[in-house]
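Following: one structure in structure tokens, then a few remarks.
As structure tokens, then:
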């Protein structure tokens, strides 16, 4: 699947930046002519090269992919896109866990700085199109994959992208990044097998997804990282740095103020500008990020203009009542509710099972029973949100009812390791809209806590040692208390003491990467083609890897076994069955308290953009396919008055309007 960010902050920061929260966010052959995509369930003929790959169905574009059908290939270039970021940054090297990368850099996918071997499609799940690699091929048993590099591929300093760069990058990212370590666990070697060919060999056969996801590998310039800087010091990719690196993507760093702003400029001779995944996209001459401490200050800056040209709204309150400021009323800011067609991420309060107080599933279930979503939706969210009941919400991968016969064939051998309810009871969450629900669910929760060894001592709940049950919620934005407090109040009724710790975004990332928390809010985005990345989400190995997305600390042999069933599923039907089974086991173990999702994409933007008529169905939004049609007045006296005086603790001061 398209690998997504692990920590809760990753997706919520994307919202802060104004990015979509929906999942997001390959000529001349040496042996034969380029072929169309071939279904992953069957291998290509010997010597057949593919210009795109897929896991669910062939690409709709066939063998010749000129451009996405949602873009305008003649879109004008120019102008500036303004975006926001939360917190701060201290490095341009996204690979080491230590450090907070600047906006625009990303370990996975490369951000706007680096290209990948293949480019994940925006409008088709499980499809990738050639980018640095113009074609790929693999044998019938999926024991390896070979990529043929585009002879025109080059870094931003004009150096060609070589097989040596690919091999060095693979070795480096799998050493430094737990994301890549788990993603490519079954890759045993990367070898040069031709002048422009690199082959990755696997230690197992039958992993249908692995040839496809090897295309997700970013490619870094070996010559840059093994060279010296302007002062003659040897560079070290193992550590953070603010030296501007050489990239291969459509943008490069133009200017920055450490921790405060970063400006990217479009590369005028970008090598891939005419390739299918890039045509009609990346139209801005500059992309400028301004950092703010929290979402509230970012919201005030958006209303003034000039600090975020668009935002994917994540507050029901703001969406329902907040758009009353002058620039919205006079039409300079617009908003649209767009349909979401690709399922929803699981968002929830994740309990850290590495800590004894959350080790018993009865305790975790009790906390789930105490969560009153219906009252929060009524009083806080204007009834606009829906309850999330699956890790694969809104897709064919979501489980429902009781296990099918095919699922039982996977689950029965694991029965001793699985909650018995998986086999007997459809999974449901408490519904507080019914009469006396509050009393009923809290009584059930207390009974579960008692069975787990907790008991009342005065107004407190204590364990056998007499230690009170205390929970600390970790967050990085002060507004988080708005959604934490109602849940905390319910827990207090059970005798559980709660506190909320608000830290800055960088500290939050460090604490969550090292699993130093009781409960965090995490957002676990999935694709329609789950696979190797499930190890990073749930596996026992990932539980002890700092920076992995296994925030809950899951160490469960049944979960491990079902992950492998997904990865080695021989066809789509088997994949769906295995994912249903995994979904059930995760739900009934209550590793998190499911929260809610928005069935729509809420987009607000300053009316400076030209936009294609179509949008990519899978990604939902593609702001890089927009272009600047003309600037609009921002930060006017009326805008300033509506936004209020700037908070000196909120981030950089907002400058006066430009003449």
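Numbering (my numbering), first residue to last: 584 to 1242. Cβ atoms here follow ideal geometry from the backbone N, Cα and C, with glycine treated the same way.
Residue burial classification, residue i (beta-carbon count within 10 angstroms, cutoff 16)
i            : result
residue 817  : exposed
residue 965  : exposed
residue 998  : exposed
residue 1004 : exposed
residue 635  : buried
residue 1034 : exposed
residue 840  : exposed
residue 1243 : Since the first residue shown for the chain is 584 and the last is 1242, residue 1243 is missing from the structure and cannot be characterised.
residue 820  : buried
residue 1042 : exposed
residue 1196 : exposed
residue 1139 : buried
residue 724  : exposed
residue 907  : exposed
residue 531  : Since the first and last residues shown for the chain are 584 and 1242, residue 531 lies out of range.
residue 891  : buried
residue 1110 : buried
residue 896  : buried
residue 1198 : buried
residue 815  : exposed
Residue of the options minimising C-alpha distance to residue i
i            : options              : result
residue 1173 : 973, 1070, 918       : 973
residue 1163 : 707, 678, 992        : 992
residue 810  : 829, 798, 793        : 829
residue 714  : 845, 1122, 648       : 648
residue 1152 : 634, 631, 638, 632   : 638
residue 1177 : 757, 949, 631        : 949
residue 772  : 761, 762, 704, 751   : 751
residue 987  : 673, 1156, 915, 842  : 1156
residue 835  : 708, 955, 693        : 693
residue 709  : 792, 915, 1015, 673  : 792
residue 959  : 1139, 1167, 1180     : 1180
residue 1001 : 1166, 806, 1028      : 1166
residue 989  : 646, 633, 1217, 1161 : 1161
residue 683  : 658, 1095, 1100      : 1095
residue 1194 : 660, 979, 642, 1101  : 660
residue 850  : 902, 894, 741        : 741
residue 736  : 1146, 858, 967, 996  : 858
Distance between residue j and residue i (C-alpha atoms, nearest Å)
i            : j            : result
residue 1039 : residue 1050 : 11 Å
residue 1245 : residue 690  : It is not possible to answer for residue 1245, since the shown part of the chain is limited to 584 through 1242.
residue 1132 : residue 1221 : 44 Å
residue 631  : residue 720  : 6 Å
residue 1210 : residue 1190 : 11 Å
residue 1055 : residue 1012 : 23 Å
residue 1225 : residue 1053 : 41 Å
residue 1047 : residue 940  : 12 Å
residue 1188 : residue 913  : 13 Å
residue 644  : residue 860  : 12 Å
residue 1123 : residue 1060 : 30 Å
residue 1232 : residue 875  : Because residue 1232 sits at a pLDDT of 36, beneath the cut-off of 50, its placement in the model cannot be relied upon, and the point is left open.
residue 758  : residue 673  : 21 Å
residue 1063 : residue 916  : 26 Å
residue 1223 : residue 936  : 47 Å
residue 981  : residue 717  : 35 Å
residue 738  : residue 701  : 16 Å
residue 864  : residue 658  : 8 Å
residue 1144 : residue 938  : 24 Å
Neighbour flag for residue i against chain B, beta carbons, 8 Å
i           : result
residue 884 : Given the protein chain composition of this structure (a single chain), no chain B is represented.
Cβ-Cβ distance between residue i and residue j below 8 Å
i            : j            : result
residue 698  : residue 856  : no
residue 667  : residue 900  : no
residue 676  : residue 823  : yes
residue 727  : residue 785  : yes
residue 1098 : residue 1136 : yes
residue 705  : residue 1201 : yes
residue 803  : residue 755  : yes
residue 842  : residue 1017 : no
residue 1171 : residue 920  : no
residue 847  : residue 695  : yes
residue 1088 : residue 669  : yes
residue 905  : residue 1218 : no
residue 1015 : residue 1070 : no
Inspect the CB distances between the region 762–773 and the region 1111–1119 and report whether three or more fall short of 8 Å. A contact exists between the region 762–773 and the region 1111–1119.
Hey, is the region 730–738 in contact with the region 653–660, meaning 3+ C-beta pairs nearer than 8 Å? A contact between stretches requires three or more CB pairs, one per stretch, nearer than 8 Å, and the region 730–738 fails this requirement with the region 653–660.
Do the region 744–756 and the region 778–794 meet, that is, are 3 or more Cβ pairs less than 8 Å apart? Segments in contact, yes.
Taking one C-beta from the region 1194–1213 and one from the region 855–874 each time, how about it: are there three or more such pairs within less than 8 Å? The region 1194–1213 makes contact with the region 855–874, as at least three CB pairs between them are under 8 Å.
Counting Cβ pairs, one atom from each stretch, are 3 or more of them under 8 Å apart for the region 1098–1107 and the region 932–945? With the cut-off at 8 Å, the region 1098–1107 and the region 932–945 touch.
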